[in-house]
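*Asks:*
Residue numbers (the UniProt record's numbering): 1 to 154.
1. Between which two residues does the alpha helix (DSSP H) holding residue 27 run?
2. Compute the beta-carbon to beta-carbon distance between residue 78 and residue 67, rounded to the nearest angstrom, for a pair I have assumed lies under 8 angstroms.
3. Identify which residue in 65, 28, 143, 132 has its Cα closest to the Cα of residue 105.
4. Within 10 Å of its beta-carbon, does residue 149 have 16 or more other beta-carbons around it, so buried, or fewer, so exposed?
5. Is DSSP giving residue 136 helix, strand or coil here?
6. So residue 42 and residue 51 are supposed to be a Cβ contact under 8 angstroms. How far apart are they, rounded?
7. For residue 55, report the span of its beta strand (DSSP E) as first-last.
8. Let's see if you can read the secondary structure: which residues bound the alpha helix (DSSP H) around residue 117?
9. In whole angstroms, give me the CA-to-CA distance for residue 137 and residue 131.
10. Is the separation between the beta-carbon of residue 98 and that of residue 57 shorter than 8 angstroms?
11. Buried or exposed: where does residue 26 fall if 16 or more other Cβ atoms within 10 Å of its Cβ makes it buried?
12. Could you check what DSSP says for residue 67 in three-state terms: helix, strand or coil?
13. Relative to the C-alpha of residue 112, which candidate in 40, 80, 89 has its C-alpha closest?
See the structure below:
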């Protein structure tokens, strides 16, 4: 039996129009000053093909660090010591045409960068970054412990 469902109205085309949704998302992304898109030739499983890579650059010193893969802004500031918590990449290939003029990418780890751009990073670089990150985490942990022990609860 057919009936009208006013509580859950759904048009037939609500979920079928992916091309229109993608076009709208492209328009939104193009208004973002840190958004970039490039094409690279990638080889996976002995198959070589052109792949579109989208990424976000961070701003200048004093602005928030931005995740290069998803565009999320972190509370950490560029130029602060907290920059050591992130894997920083300068994309100096000429591919970066961001409207904010930056070509600096921040990742949560070298592994995230390698996965995003499908490249390998030297183990020495990974080990140096890990040591630098761990040193910063130790300092932050010490600061946090000192703050909590110096607070008086009434």
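Backbone N, C-alpha and C define an ideal beta-carbon position, used for all residues, glycine too.
Because the structure is a prediction, the values reported are computed rather than measured.
*Replies:* Considering the structure as presented:
1. 18-30
2. With a Cβ gap of about 13 angstroms, residue 78 and residue 67 do not count as contacting.
3. 65
4. exposed
5. helix
6. 4 angstroms
7. 47-56
8. 110-117
9. 10 angstroms
10. yes
11. exposed
12. In the structure shown, residue 67 sits in a strand (DSSP, three-state: E or B).
13. 89
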